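Peer 1: Before I ask anything, here is the structure I am working with.
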Amino acid sequence: MNDASHSSVAQRDPGSEGQERPASGAVSPLQSLRFEHLGESDPEMYSILTSSQGMEGIRQQLFHMLFEREMALFSYDCEMESMERANALQCIRILKNIFSRRNERRSGHSTLYYLIEMARDGSEEIPKDRRALFMEIYMLSRGSLGKADIPIDSAPNFLEYDGREGARVRSDFLDMMAERCESQMNSYLSGLDPEVVERRVDARRRILDLLGGSMDDWNDFQWQRRNVFTDSASISEIVDLTEDEVKAIDLAVENRLPFGITPYYLSLFDRDSSRRWDHAVRAQVIPPLSYVNSIISPRVQSPQDLDFMKEGQTSPVDLVTRRYPMIAILKPYNTCAQICVYCQRNWEIDNVTRAENALASDEQIERALQWFREHPKVTEVLITGGDPALMDDDVLVELLQKVSDIKHVSRIRIGTRLPVVLPMRFTDRFVTTIGRFHRPPGQDLCLVTHFEHPYEITPEAVEVVQKLRMQGLAVYNQQVFTIENSRRFETAATRMLLKQIGVDPYYTFNTKGKEETSFYRVPIARLMQERKEEARLLPGLSRTDEPVFNIPALGKNHLRAWQNHDLIMISPLGERIYEFHPWEKNITTAPTYVYTDVPILNYLERLHERGEDVEEYRSIWYYF
């Protein structure tokens, strides 16, 4: 655990052009890198890689070296600190994996080949496109030698004290940890902060003036839908947009990509375009230029080309998706109040304003319901889409009635983002109406929503949640872990505030590997680090979410549970390549899935550009 108060652990290195170098002696990922740095840290590995032997001879020597290091860690005389030893064993295992011929075949890459290639130019600065790869090997080698030097703080050994004296020493140290955690979480403004609420009242006034609306209009969700902002010119009347934001919106609209922002959600934007506080809000709905260019590229021949999750292969009938034994998805409505840029189903969305074409036909819905009737082992139905909470009251009630009439269905979930983007949808009448289908213990109705950041949690959202809870409905949150909420304690702040308003954190999704959404992606290692070093400090009831990777066509892999994954290779660009084991592991046979992650170094460089001290994240290299 680190914070800004610990920046003193870094010292200036005269050879690194003024950039910070960790006190541990490891090179900084931000400094210029040469292959010789490996020789300074791990002379044995360096000597092997720079030898004149052929590739297979080098491979054999590396395996022999790793075997000896591993045996030393099991020897009677091993005196390495226990946590360093545990990390060293992990690093050795990973190095064996990436030097493996089997994994070269499985991944289509050879890390060893790229290393030997770099070794030939050892005296020269490592090219930019190989820096991420070098840092991975450099950190793994240090870890295998017990040089990771991860912890910054030294906790007092309270067991050395007698009775209450030890308890007080321990308690004082825990106070320090809690203070640091709380301080960092409080550094992120929420939508409940008075100054933020006031700014948004002003934004609401500007929007109503522009649209000629009243407060009665504002609180009417149908008025909100009719007045969705769909072009950069009208949005610019309310808030400042950067040049890139204007270009991206215009290009998206020109190419008929789904785009729109509700008046309410636009009021959550800050007026200036700095993105200091509202970065996560803007990033939800304003697509990056890279995204738009990727979507409209000639390689995308049809919307189905963007079906990363392979829903086409997991849909037994129209409107139904099934990946698990006892739950399946029903998708009766294929549009939303507005579009989340990185949504896995945005390829199915035609237009956010074309509600008349969003509802599936009666025939399609009936065939889907009949499928559920014929599959009694499916006891839970997730109604999603699109956003089913946008359906007309009578239509939604009719659907809920038909689903609840299926005797073997014991739970219905409604997947909706409307508490976040259109809270006025949840009128007293609407909440009471859907609440009738919550009939414990026989049948449970709950909502699953999608808050991404404390800045989205507003008084209006709190009111919605309280209404739902008064009807006995549980509300769960599914967060996607992106560049916009992945700073130290940023997601922890979201969890804590959600729990305070009555929302249970449910899943934290690793960003999917969709090429077009590369802007948002965060390395798996950062999600694992966040879970261990930040979420772990929170009370148990505030960290009920599971970090998961959603495997295309197969389903969720619990990143920290028994459902394992292996780091099998590192690409020349420094991308970790994982082999994911399916959730069915040890139950039945199922294929594994090979996934290429985003480079850790690239992520750290992006954090640095945003003003973060990357030294605070240095343990990220040792999460696999």
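When we follow my numbering, the leftmost residue of the sequence shown carries the number 651, and every step to the right adds one. Ideal Cβ placement from N, Cα and C applies to all residues, glycine included. These numbers were taken from a predicted model, which means no experiment stands behind them.
Identify whether Arg855 lies in helix, strand or coil by the three-state DSSP scheme.
Peer 2: Correct three-state label for Arg855: helix.
Peer 1: Looking at the unbroken beta strand (DSSP E) that takes in Asp1216, where does it start and where does it end?
Peer 2: Unbroken beta strand (DSSP E) run through Asp1216: His1215 to Ile1220.
Peer 1: Are there any heavy atoms of the ligand NAD lying less than 7 Å away from the beta-carbon of Ile1064, as far as the coordinates show?
Peer 2: Ligands displayed in this structure: none; no statement on the ligand NAD is therefore possible.
Peer 1: Please say whether Arg1226 and Met1178 have beta carbons closer to each other than 8 Å?
Peer 2: No. Outside cutoff.
Peer 1: Are there 16 or more other CB atoms within 10 angstroms of the CB of Ser1269, so buried, or fewer, so exposed?
Peer 2: Its Cβ being crowded by 16 or more others within 10 Å, Ser1269 is buried.
Peer 1: Considering only residues of the same chain and omitting the five flanking positions on each side of Leu1123, which have a CB-CB separation below 7 Å?
Peer 2: Hits under 7 Å: Gly1085, His1088, Leu1095, Cys1096 and Leu1097.
Peer 1: Please classify Arg671: does DSSP put it in a helix, a strand, or coil?
Peer 2: Per-residue confidence for Arg671 stands at a pLDDT of 44, beneath the threshold of 50, marking its modelled position as unreliable; no derived number is given.
Peer 1: What residues in its chain sit with their C-beta under 8 Å from that of Tyr983, if we drop five residues either side in the sequence?
Peer 2: Hits under 8 Å: Ala1008, Leu1009, Ala1010, Gly1035, Gly1036, Asp1037, Pro1038, Leu1040 and Met1041.
Peer 1: Check this for me: beta carbons of Arg875 and Ala798, under 8 Å apart or not?
Peer 2: No, the Cβ-Cβ distance between Arg875 and Ala798 is not below 8 Å.
Peer 1: From this set, Asn753, His1215, Leu745 and His714, which residue's C-alpha is nearest Met789's C-alpha?
Peer 2: The option with the nearest alpha carbon to Met789 is Leu745.
Peer 1: Specify the secondary structure class of Lys981 as computed by DSSP and reduced to three states.
Peer 2: Reduced to three states, the DSSP call for Lys981 is strand.
Peer 1: Measuring CB to CB, does Gln1128 end up less than 8 Å from Tyr1157?
Peer 2: The answer is yes: Cβ separation under 8 Å.
Peer 1: Which one of Ile800, Thr912 and Glu810 has the shortest CA to CA distance from Ala853?
Peer 2: Comparing Cα positions, the closest option is Thr912.
Peer 1: Over the uninterrupted alpha helix (DSSP H) stretch that includes Cys993, give me the two end residues.
Peer 2: Unbroken run through Cys993: none, as it is neither H nor E.
Peer 1: Give the DSSP-derived three-state secondary structure of Val896 in the structure shown.
Peer 2: Looking at Val896 - three-state DSSP - the assignment turns out to be helix.
Peer 1: Contact defined as beta carbons within less than 8 Å: I believe Ala738 pairs with Leu795. What is the distance between those atoms, to the nearest angstrom?
Peer 2: The pair is a contact, with the Cβ atoms about 7 Å apart (cut-off 8 Å).
Peer 1: State whether the stretch 1229–1242 contacts the stretch 1250–1267, with contact taken as three or more CB pairs (one from each stretch) at a distance under 8 Å.
Peer 2: The stretch 1229–1242 vs the stretch 1250–1267: no contact.
Peer 1: Considering Cys831, what are the terminal residues of the alpha helix (DSSP H) in which it resides?
Peer 2: First-last of the alpha helix (DSSP H) with Cys831: Gly813 to Asn836.
Peer 1: Where does the unbroken beta strand (DSSP E) through Gln703 begin, and where does it stop?
Peer 2: Unbroken run through Gln703: none, as it is neither H nor E.
Peer 1: Would you kindly report the start and end of the unbroken alpha helix (DSSP H) that includes Pro1069?
Peer 2: Its alpha helix (DSSP H) spans residues Leu1068 to Val1071.
Peer 1: Quick one: what's got a C-beta closer than 8 Å to Arg849's C-beta in the same chain, skipping five residues either side?
Peer 2: Correct list, in chain order: Asp920 and Arg921.
Peer 1: Which runs of the alpha helix (DSSP H) at least 4 residues long sit entirely within the stretch 1126–1155? Give them in chain order.
Peer 2: Counting whole runs of 4 or more residues, the stretch 1126–1155 contains the alpha helix (DSSP H) stretches 1140–1151.
Peer 1: If I follow the unbroken beta strand (DSSP E) through His1208, where does it start and stop?
Peer 2: Run containing His1208: Gly1205 to His1208, per the beta strand (DSSP E) assignment.
Peer 1: Measuring only the C-alpha atoms, how far is Glu815 from Asn807?
Peer 2: Each residue's Cα considered, the two are about 11 Å apart.
Peer 1: Check for me: the beta strand (DSSP E) holding Cys1096 runs from which residue to which?
Peer 2: Counting along the chain, the beta strand (DSSP E) containing Cys1096 begins and ends at Asp1094 to Thr1099.
Peer 1: Could you give the DSSP three-state label for Ala676: helix, strand or coil?
Peer 2: Coil at Ala676, not helix or strand.
Peer 1: Where does Val1047 sit, in a helix, a strand or coil, going by DSSP?
Peer 2: Val1047: helix per DSSP, three-state reduction.
Peer 1: For Phe627, does the three-state DSSP call read helix, strand or coil?
Peer 2: Since the first and last residues shown for the chain are 651 and 1274, residue 627 lies out of range.
Peer 1: Comparing C-alpha positions only, which one of Asn869, Leu1254 and Leu1187 sits nearest to Asp1078?
Peer 2: Selected option, being the one with the closest Cα: Asn869.
Peer 1: Under three-state DSSP, which class holds Val847?
Peer 2: Correct three-state label for Val847: helix.
Peer 1: Give every residue of the same chain whose Cβ lies closer than 6 Å to the Cβ of Ala736, excluding the five residues on either side of it in the sequence, and list them in chain order.
Peer 2: Hits under 6 Å: none found.
Peer 1: So what does DSSP say about Ile1056, is it helix, strand or coil?
Peer 2: Coil at Ile1056, not helix or strand.
Peer 1: When DSSP labels each residue in this structure, what does Pro1090 get in the three-state scheme?
Peer 2: Pro1090 falls in the coil class under three-state DSSP.
Peer 1: How about Ala1143 and Met835: do their beta carbons lie closer than 8 Å?
Peer 2: Yes, they are a contact pair.
Peer 1: Smallest Cα separation from Gly885: which of Val935, Asp779 and Glu1106?
Peer 2: As written in the sequence, residue 885 is Ile, which differs from the Gly given in the question. The option with the nearest alpha carbon to Ile885 is Val935.
Peer 1: Report yes if the C-beta distance between Ile748 and Ile1220 is below 8 Å; otherwise report no.
Peer 2: Yes. Within cutoff.
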